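Below is one structure; the comments refer to it alone.
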Amino acid sequence: MELVVELHNHVLPHLDDGAQTMQESLQMMLFWAEMGYQKVIATPHQNTLMNPSQEEIEMMEARLRQHLQEQELPIFLTTAAEYLLEPELRTRLSALRTFGPKRYVLIEMDFWLPMVGVDQILFELYQCGYTPVLAHPERYTYADRTMLKSWYERGLFLQVNLLSLVQAYGRLAQEKAEYLLEKGWVHFLGSDMHHSTQILAVRRALAHKLVRKRLSTLLNPTLL
Ligand SMILES: [Fe+2]
Numbered sequence: 006m007e008l009v010v011e012l013h014n015h016v017l018p019h020l021d022d023g024a025q026t027m028q029e030s031l032q033m034m035l036f037w038a039e040m041g042y043q044k045v046i047a048t049p050h051q052n053t054l055m056n057p058s059q060e061e062i063e064m065m066e067a068r069l070r071q072h073l074q075e076q077e078l079p080i081f082l083t084t085a086a087e088y089l090l091e092p093e094l095r096t097r098l099s100a101l102r103t104f105g106p107k108r109y110v111l112i113e114m115d116f117w118l119p120m121v122g123v124d125q126i127l128f129e130l131y132q133c134g135y136t137p138v139l140a141h142p143e144r145y146t147y148a149d150r151t152m153l154k155s156w157y158e159r160g161l162f163l164q165v166n167l168l169s170l171v172q173a174y175g176r177l178a179q180e181k182a183e184y185l186l187e188k189g190w191v192h193f194l195g196s197d198m199h200h201s202t203q204i205l206a207v208r209r210a211l212a213h214k215l216v217r218k219r220l221s222t223l224l225n226p227t228l229l
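Note that the sequence shown covers residues 6 to 229 in this note's numbering.
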C-alpha cells in the first residue's frame, strides 16, 4: 500500500519558491510516479509575498501536463494552492482553490508567532463551505503538544510533512511529527517538496516506520 496522492508541494515551476525549471518539475513528478503515486496536487503559495495569478498557475499546470504526456508518465497532475492565514485572505474567500471531496483548502500559519484572528478566519472558511487542512502543524515553533491536541480535537484536518520525519526542519519538528503520527492525529501526509534536491529525503521518509504503521488510516487515497 502507498500514499497514492501527493497533496502538498511546490512542483509547478517559476511560480513561488519551489521548482526553478520545467526540468526540475519533471524530476519531481518522475519520482512520485516511481514511488507509486497516481496523482499529484500542486499547491503553489498564495500570500502577500508570493502570489502567482490564477492564469499563471493554470498556464504552468498545462505546460507541465503536456510534458508529462510527451514523456508518457502515468501520473495525473492537478492544482490547488497553499494559503497563508492572514487578514488579506478574507478578501478572496469566494474563490479559493480547493481539492478533494470536502472542498479542502490547504492553509498555513506564521512559523514563529501565533497569529491574531486565526479563529475568526477559520470560522469564515467553514461558513463558506470549505474544509481547512492545516499544513505542517509540527513546524510551528509555538505549537506545543497541548496546542497540537486542541487543533485535532476541534476538528481541524492536519497535514504533516514527510520531510519533517527525516529532520529536514530540525529535531523539534521531527518529534512533533512523530508524536502526531503516534497519536493517530494525522489526516494527510504530504511532501512539501520545493526542489528536486529533496527527493532523497522524501524517499527516506516514506520508509519511516510510523508512515508504514499509519498508512492505512491516512486520507490521501480519498483524494484520487
Ligand atoms: Fe508548502
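Note that the Cβ used here is the ideal one computed from N, Cα and C, for glycine as well.
It should be emphasised that the depicted structure is a prediction, and the values quoted were computed from it without experimental measurement.
Through-space distance from L127 to S99, alpha-carbon basis: Approximately 14 angstroms between the Cα atoms of the pair.
Closer than 7 angstroms by C-beta to P226: which residues in its own chain qualify, once you throw out the five before and the five after it? Chain order, please. V9, V10
State the CB to CB distance for the pair L228 and F116, rounded to an integer number of angstroms; the pair is presumed to be in contact (CB under 8 angstroms). About 25 angstroms; that fails the 8 angstroms criterion.
Span of the beta strand (DSSP E) around E113: 109 to 113
Measuring from the CB of E91, is there a heavy atom of ligand 1 at a distance below 7 angstroms? no
Three-state class that DSSP yields for Y42 in the structure shown: coil
To the nearest angstrom, report how far apart L31 and R208 are at their CA atoms. Rounded to whole angstroms, L31 to R208 spans 16 angstroms at the Cα level.
Less than 7 angstroms separating the Cβ of E87 from some heavy atom of ligand 1? In terms of side-chain proximity, the C-beta atom of E87 is found nearer than 7 angstroms to a non-hydrogen atom of ligand 1.
Limits of the beta strand (DSSP E) - the one that T84 falls within: 81 to 84
Is F162 near P142, with beta carbons less than 8 angstroms apart? In this structure, F162 keeps its C-beta atom at 8 angstroms or more from the C-beta atom of P142.
Expressed to the nearest angstrom, what Euclidean distance is found between the alpha-carbon atoms of N56 and H15? Roughly 13 angstroms separates the two Cα atoms.
Is the Cβ-Cβ distance between V45 and M27 less than 8 angstroms? Contact annotation: V45 and M27 have beta-carbon atoms that are not nearer than 8 angstroms.
V207 - containing alpha helix (DSSP H), residue span: 204 to 211
Just tell me which of R219, S196, A206 has its CA closest to the CA of Y42. It is S196 whose Cα lies nearest to the Cα of Y42.
Roughly how many angstroms separate the alpha carbons of P119 and N52, rounded to a whole number? 17 angstroms
Beta carbon of T48: closer than 7 angstroms to some heavy atom of ligand 1? yes
Does DSSP classify T136 as helix, strand or coil? strand
Apart from the five residues on each side of it in sequence, which residues of its chain come closer than 7 angstroms, Cβ to Cβ, to Q172? The beta carbon of Q172 is closer than 7 angstroms to those of Q179 in its chain, skipping five residues each way along the sequence.
Does ligand 1 have a heavy atom nearer than 7 angstroms to the CB of A140? Yes, the Cβ of A140 comes within 7 angstroms of a heavy atom of ligand 1.
Does DSSP put L130 in a helix, in a strand, or in coil? helix
Leaving out five residues before and five after R219 in sequence, what residues of the same chain have Cβ atoms less than 6 angstroms from its Cβ? L186
R144 classed as buried or exposed, judged by whether at least 16 other C-beta atoms fall within 10 angstroms: buried
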